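What follows is a short report on a single structure.
Protein chains in written order, with the numbering used here: chain A, 1 to 112; chain B, 1001 to 1115.
Right under this line is the structure:
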């Protein structure tokens, strides 16, 4: 079974731009979660989607948004990028809750 | 509130030594899950183990073993006869068993295995 895939793997953007990251979960998994990982803050939870509905949300500004499609694929959008948004963005999928999360390889975003 | 503490920020050991990574958790839930993940330099978090609060039996998988002690709220991870390939950041995590429960991660322990 294929694992979680994330595209793109690397992105370079400039301040003020917006970006969309994509995540395809493991086949059959209906839950997708997003995390931001930075050296200073560690792994921080952004949000979780289950069957196209946001189930949980972390403490991030409204510039961070997401959605999930009927095929469980998910996208995360960050608008008006700031330098501090430079991070590794990880996506994880699970069958449902509470189940083990399986992570993708991440998208490394650099904001210049 | 739930919390996971990995007090060891960084550890270095020489290859073939044994090493234990500590994890202490806080939760008011009576039922919960504990996890360990490995993050090699490539960046992807690799699932290692999940333990539920009902089962305090220790687990061994090859060179890896886990010691779960409810009395001290700890879930420690030991690597026996460490190898260079074990170099990674290791995360301990905690989750309730309800549908809407999030997984709470510790800040991770960076492990260096020196040849």
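All C-beta atoms in this analysis are idealised placements derived from N, C-alpha and C, irrespective of residue type, glycine included. In this text the structure is predicted, and so the values were computed from the model without any measurement.
In this chain, the beta strand (DSSP E) harbouring residue 1076 of chain B covers 1074-1079. Only 1095, 1096, 1097, 1098, 1099, 1100, 1101, 1102, 1103, 1104, 1105, 1106, 1107, 1108 from the segment 1094-1110 of chain B bring a Cβ to less than 9 Å from some Cβ of chain A.
Cβ proximity to chain A below 8 Å picks out 1033, 1035, 1037, 1042, 1043, 1044, 1045 from the segment 1032-1045 of chain B. Among the CB atoms of chain B, one or more fall inside 8 Å of the CB of residue 105 of chain A. When the five nearest sequence neighbours on each side are left out, the beta carbons in the same chain lying within less than 7 Å of the beta carbon of residue 63 of chain A are those of 78, 79, 80, in order along the chain.
At least 8 Å separates the CB of residue 1028 of chain B from every CB of chain A.
In the structure shown, the three-state DSSP call for residue 11 of chain A is strand. Contact note: residue 1047 of chain B reaches chain A through 100, 101, 102, 103, using a C-beta cutoff of 9 Å and chain order. A Cβ of chain B is located within less than 8 Å of the beta carbon of residue 45 of chain A. The C-beta distance from residue 106 of chain A to residue 6 of chain A rounds to 6 Å, short enough to fall under 8 Å.
Pairwise C-beta distances place the segment 47-57 of chain A in contact with the segment 1100-1108 of chain B, as three or more of them are shorter than 8 Å.
In the DSSP secondary-structure assignment, residue 76 of chain A is bridged to A:21, A:66.
Inclusion of residue 1006 of chain B and residue 1092 of chain B in the CB contact set at 8 Å is warranted, their separation being smaller than that value.
With fewer than 16 other beta carbons inside 10 angstroms of its own, residue 40 of chain A counts as exposed.
Counting along the chain, the unbroken beta strand (DSSP E) around residue 38 of chain A starts and ends at 31-38. Close CB contacts of residue 1025 of chain B within its chain, under the 6 Å cut and outside five residues either way in sequence, are with 1004, 1073, 1094 (chain order).
With respect to the C-alpha of residue 1047 of chain B, the residue from A:111, A:112, A:3 having the closest C-alpha is A:3. When rounded, the separation of the alpha-carbon atoms in residue 1076 of chain B and residue 112 of chain A is 40 Å. Residue state for residue 83 of chain A is assigned as helix, using DSSP reduced to three classes. Residue state for residue 1084 of chain B is assigned as helix, using DSSP reduced to three classes. A Cβ of chain B is located within less than 8 Å of the beta carbon of residue 90 of chain A. Between residue 109 of chain A and residue 87 of chain A, the gap from beta carbon to beta carbon is short of 8 Å. Counted as a single uninterrupted DSSP element, the beta strand (DSSP E) harbouring residue 1010 of chain B occupies residues 1010-1014.
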